[in-house]
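Engineer: The following block contains the structure, expressed as structure tokens.
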Amino acid sequence: MKLIHAPTPLLNLLFLLFSFSPSNTAAETETQALLAWKSSLLQPDSLASWSLANSTTPCEWFGVRCDSGGSVVVQLSLPYSNLVGTLVKLDFSSLPNLTTLDLSYNNLAGAVPSNISALSKLTSLDLSSNNFSGSIPREIGQLSELLELRLDNNSLGGGIPYQLSGLQKVQLLDLGSNYLETPDYSNFTGMPSLTYLDLFLNSLTEEFPPFILKCTNLTYLDLSENRFTGPIPESLAINLVSLEYLNLSFNSFEGVIPASLTKLPRLRDLRLGGNNLVGGVPATLGSISSLRVLELYSNSLGGPIPPSLGQLQKLERLDIKLAGLNSTIPPELGNCTNLNYIELSTNRLEGEFPGSFVKLTKMREFGFSSNLLSGKIPSDFFGSWPQLISFQVQNNSITGRIPSEIGLATNLTYLFLYTNNLSGPIPVEIGNLVNLFQLDLSENSLTGTIPSTIGNLTNLSVLNLFYNNLTGSIPEEIGNMTALASIDLNTNNLEGELPGTIAELPNLASLSVFTNNLAGSIPRDLGQNGLLQNVSFSNNSFSGELPRGLCTGFALHHLLVNSNNFSGYLPSCLRNCSKLLRVRLDSNHFSGNLEEAFGVHPDLVYLDLTGNQLTGTLSPDWAEFKSLTYLHVDGNSISGDIPAALGNMTNLQDLSLASNYLAGGIPPEIGKLEFLFKLNLSSNMLTGSIPSELGELDPLTHLDLSGNELTGRVTAELANLNDLLLLDLSMNKLTGEIPYQLGNLNSLQILLDLSSNSLSGTIPSNLEKLTRLQKLNISHNNLSGEIPDSLSEMVSLESVDFSYNNFTGPIPKGGAFRNASFKAYVGNLGLCGDVKGLLSCFSTSGEVSHKHHKRLVIAIVVPVVGVLVLAATVITIMLLCRDDPREKLEMEKAARESSESSIWERECKFTFMDIANATGNFDEACCIGRGRFGSVYKAELPTGQVVAVKRFHVAHSEEMVDMYQKSFDNEIAALTEVRHRNIVKLHGFCSKSGYMYLVYEYVSRGSLGEVLHGEEGGTKLDWAMRLKVVHGLVHALAYLHHDCSLPIVHRDVSVNNILLESDFEPRLSDFGTAKLLNPDSSNWTAVAGSYGYMAPELAYTMRVTEKCDVYSFGVVALEVMMGKHPGELISSLPSLPEGKELFLKETLDQRLPAPASQLAEEVVFIVKVALACISSNPSSRPSMRFVAQEISAQTQACIPQPFETITIGMLNGFQE
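Residue numbers -26 to -1, 1 to 1190, in mature numbering (1 follows the signal peptide of the UniProt record, and there is no 0), belong to the letters of the sequence shown in order.
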């Protein structure tokens, strides 16, 4: 049979037709598209199989799945594949059959391409956990087959495109953790198939999105960590009846928790924490029987814990911390037998723990810290809770002993019982808690020894037992606790030596045992692990040398070993510890060369080497200590010059080099230390003159250059030190006169000592201006002349010493001179006076007797003349006060003729004569008060209006009218235009016959000072009212400073110039009048103000600014919060002892219960603002406008931790 061969061209054609079938063409297109995208990625190692060499079809490639026929790609699933690149080169149109695209958990970036809409068959799109940016393409809305869309955890921004709501088949939509912004919801439609919606952690604002209420099949809704506002809609529970998970936490939702939530029968998780909800915890929540998680923390709910919550049999997690709750703990909570997490910390819960809690057998995490709980810790808790891992009840008032049964809770990892009133010993059973990670029993009244069983806690990382009454030694077994990183046993009564085993702890980074009775030497190997960062051995009796390897690893930050008996050289490794922050070696016996002990430590803030035996010189390299604020090297044997380079330690605040052997001159460069407030160079061998540059140290409060060999004159520039409290130049070789400018040191308070020099001349009379000075010593000089009698007017002066000079004449009789002994005047042959040991002035020379005779004549004549003038005045007043109508008309006429100046507000409807008549020509019967400048009268006018009239005697009224009339009139006119609800209205002014009259509206309740310090201060003036008073004062001052046509400085803000309405609304009075009442000043800026309220700079400068009012406001605000003048607090702030904390709760007015919840936050904020306002540096004080804005918005964080633990030191961070 003959074979018939088909022609070759025909076979080729058939082959070509077969090769180019549709399925092969599609496969090749998909292959090329995938390879092109791979080539655009950065080192796509996970896609190594994507190669034609491995397979001609992509169906066998990693992450690729084809249809059942193996012809087209239907799934591309590459999660966690470490892909880096973009989607720009991925041609979606070449993958038309794709149903699943999963590129989650990679490092893909750039925009999501709009041509992704070509994937028309896509049912699942997951691009989550990448770095995609830009906006969500609206074209995704064309993927009509989508069932799941995940774009969460990227950097997408812009509004959510409304086209997404058109995806009617989508069941899951997750856009969480992006930067999406609020869209226009008007174009959104409901999504009937949607069951899961997550918009967590975006930048969405406004009220609850209305389109969500149309997604009626939702079971999961998460809108947490956005900025939604407004109420939670009642209709939410009506429309979304299938909800099982609802998370609205960390927004700004407000109002009450909707009662309608009880209509959600399937609700398992309800999370509403971190909002502004009020109105208490609804008792009806107890009827949502399906609830497993209830979170309402960080709201301002207030009220009690509803006992009905005990009906939630399925509840596993309950978190209502920081919610202002103020009840006892209902025992019904013990019925929630599935509860394993309870967190009710930082409320005002009181009473004891319910015994019913023993039924909570699944309890794992138990948190009731920072409440007002009392009673004992029930011992049967720990045997009933075998799964317990965290027990935190710190910051309460729990009493009794730590139950020994605590040893049964062997799964515990966190045990916090600190800051309670626990007593008795630490139970030995504590050693059974072998899984414990942190143990804190500090700040209690525990006694006895540290049990040796504590050594069993081999997983413990943090051990805090400080502030107790523990005795005995530190057990050797502590060396078994190999996981320990931090040990704090400070402030107990521990004794003996540090166990050598403590040096064997491989992870130890912090060791604090200060203020105990420990002795002996430190284990020589301590620090060899190279991890030590914080070491504190202060206030013990340790001796010997510090371990050579203490700072091995150079990680040391804090080294505090002061007040011990250490000796020998400092560890050489200390020189290389570049991370040092705080070093205290004072009050020991260390020796060696200072330059060899320290290197360059750029982060060092505090260095105290006082009272040792160190030698060597001060290195110029120390100028590299750029962060140093405190440097004390007193009482050593340091020699050489003071390096001029110290002037480059730009942050230095306290410098003491006293009691050394320093020589040479004082470098003028020290004058560049712009933050220096204490300088002590006493008891050295310094020579030369006092540099005038020291007068440029504006903040300086203490200057001690005594006990040197300084020569020349007392530098007059020292008078520029406006904040100076102490000046000691004694025991030098200074010559010349006492500069009269020293009388301008108005802040000088503690000491002025110029003794033991060679000063000559007389005592400058203007030293009388040092009215705050307590101690004055100018003894052992060559001064002469009389002691000015005006010095007796220095009301604060307690001690004087004028001995061994050449003074003559009588000694002053008043003040400190009255109590001074003969020792204060010995060595002055010409002095006389009523002091035992001095001659009487009546028995001295004729010249003295003549002077006394003249004084006697004056003393007789002046009173006689005064009596005659007074009699004439009384007769005149009697004539003026007669009720004859004709005489009244004559008085009005005379008043009009003699009126020097009169200014009234535009709408004023009374005259000065109305006021004179209403007060009986200012009769004493109408006087309602007296102040620094004059008297206050109450005038009831014929119209029924009541006004307050302040009358002042103006000694130089004629001069004022001549020289300042126009300026004065303009100021009065401006003051009558002031309009503010918190400012007393000034109706007008009149000046007549040497008196000035200011007419105000009358305020009924009286001054803030009277109310605050009276009976009402402890009753009616509660925290809410006090905050109201402070807020009103803030807005009044902000108005005067910033909203008047010309800024007005009050100049005398005090509790006596703030009046209160019947509802405690504050009204600021006397604004501007302090300035008006000082016409003697040519620039109208004479110092004014009340003692205790004046800004410190007013004591030395004539420049009055708004910042002076800010300081006064700070004092008033503190006084309102404390219930007393804060002078003691203000003076103690710069000098609190090391380690001493001043708790805010202890400084507040103890007549009132401590503030709670929102009130506590506001009180903390006001104190924080007030502390900023009393800054000694005017430029550091905020403006009143800023304070007003911050009080209104309260944008700066207030409570960093529980109210009871806040200290004054924590509140010094407020700034503009």
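Just so it is clear, CB atoms sit at the ideal spot from N, CA and C, and this is done for glycine as well. On a predicted model such as this, the values are computed, not experimentally measured, just so you know.
#1: Output the distance between the C-alpha atoms of E324 and A899, rounded to the nearest integer angstrom.
#2: If distances are taken between C-alpha atoms only, which option among L238, I231 and L235 comes closest to V255?
#3: Using the Cα positions of T163 and Q137, report the straight-line distance between them to the nearest angstrom.
#4: Taking Cβ to Cβ, would you say L482 is nearer than 8 Å to L505?
#5: Runs of 4 residues minimum, wholly inside the stretch 1091 to 1178: which ones carry the alpha helix (DSSP H) assignment?
#6: Where does the unbroken beta strand (DSSP E) through A998 begin, and where does it stop?
#7: Rounded to a whole number of angstroms, what is the C-alpha to C-alpha distance between P545 and S537?
#8: Grouping DSSP H, G and I as helix and E and B as strand, with all else coil, what is L853?
#9: Name the DSSP bridge partner or partners of P205?
#10: Spell out the partners DSSP gives R904 in its beta bridges.
#11: Secondary structure at M1184, three-state DSSP: helix, strand or coil?
#12: For the stretch 629 to 662, which segments carrying the beta strand (DSSP E) assignment without a break, of at least 3 residues, lie completely within its bounds, in sequence order?
#13: So the beta strand (DSSP E) S109 belongs to, where does it begin and stop?
#14: How would you write the range of the beta strand (DSSP E) that V252 sits in, first residue to last?
#15: Pull up the distance between the alpha-carbon of N1186 and that of K1142, whole angstroms please.
#16: Ends of the beta strand (DSSP E) at A85?
#17: Below 7 Å CB to CB, which residues in the same chain sit around V574 once its five sequence neighbours on both sides are set aside?
#18: Could you give the distance in angstroms between the alpha-carbon of G501 and the alpha-carbon of L463?
#19: Under the rule that 16 or more other beta-carbon atoms within 10 Å means buried, what is V408, buried or exposed?
#20: Using the Cα positions of M1184 and L141, report the straight-line distance between them to the nearest angstrom.
#21: Identify, in the order they occur along the chain, each residue of the same chain with its Cβ nearer than 7 Å to the Cβ of P1176, setting aside the five sequence neighbours on each side.
#22: Grab the span of the beta strand (DSSP E) containing F884 for me, first residue to last.
#23: Excluding five sequence neighbours on each side, which residues of the same chain lie with their C-beta closer than 8 Å to the C-beta of S107?
#24: Distance check for Y714 and E519, CA to CA, integer angstroms please.
#25: In the DSSP assignment, find the beta strand (DSSP E) that holds V144 and state where it starts and stops.
#26: Restricting to Cα atoms, I'd like to know which of L1007, D1037, S1036 and F1038 is closest to H1024.
#27: Rounded to the nearest angstrom, how far is the Cβ of V144 from that of L121, given a contact under 8 Å?
#28: Taking all protein chains shown into account, decide if H961 is buried (16 or more other Cβ within 10 angstroms of its Cβ) or exposed.
#29: Buried or exposed: which applies to S823, given that a residue is buried once 16 or more other Cβ atoms fall within 10 Å of its Cβ?
#30: Start and end of the beta strand (DSSP E) containing F1038?
#31: Checking 8 Å against the spacing of the C-beta atoms, do Q49 and T73 come in under that value?
#32: Going by C-alpha distance, which of F390, I1165 and A1130 is nearest L1144?
#33: To the nearest angstrom, how far is the alpha carbon of R39 from that of D100?
#34: Specify, as a first and last residue, the run of the beta strand (DSSP E) that S484 falls within.
#35: Which word fits S633, buried or exposed, when buried means at least 16 other C-beta atoms lie within 10 angstroms of its C-beta?
#36: How about L420 and N438: are their beta carbons less than 8 Å apart?
Structural biologist: In brief:
#1: 54 Å
#2: I231
#3: 9 Å
#4: yes
#5: If we require 4 residues or more, the alpha helix (DSSP H) runs fully inside the stretch 1091 to 1178 come out as 1101 to 1106, 1118 to 1121, 1131 to 1147 and 1158 to 1167.
#6: First-last for A998: W997 to H1016, but that is the alpha helix (DSSP H), not the beta strand (DSSP E).
#7: 18 Å
#8: Low confidence applies to L853: its pLDDT is 37, below 50, so where it sits in the model is not reliable enough to give any reading.
#9: E228
#10: S909
#11: helix
#12: 635 to 638 and 652 to 654
#13: Start and end: N105 to S109.
#14: From DSSP, the beta strand (DSSP E) with V252 extends over N250 to V252.
#15: 6 Å
#16: N81 to A85
#17: D595 and E598
#18: 18 Å
#19: exposed
#20: 53 Å
#21: Excluding five sequence positions before and after P1176, the CB atoms of its chain that fall closer than 7 Å to its own CB belong to T320, S344 and N369, given in chain order.
#22: First-last for F884: undefined, no H or E at that position.
#23: A83, G84, A85, N128, S129, L130 and G131
#24: Taking the straight line from one Cα to the other gives about 53 Å.
#25: Careful: V144 lies outside any beta strand (DSSP E) and carries neither H nor E.
#26: L1007
#27: 6 Å
#28: buried
#29: Annotation note: pLDDT 38 at S823 (below 50); position unreliable, coordinate value reported separately. With fewer than 16 Cβ atoms within 10 Å of its Cβ, S823 is classed as exposed.
#30: Element bounds for F1038: n/a, residue is neither H nor E.
#31: yes
#32: Checking the sequence shown, residue 1144 turns out to be Ala, not Leu. With distances taken between Cα atoms, A1144 lies closest to I1165.
#33: 16 Å
#34: S484 to S486
#35: buried
#36: no
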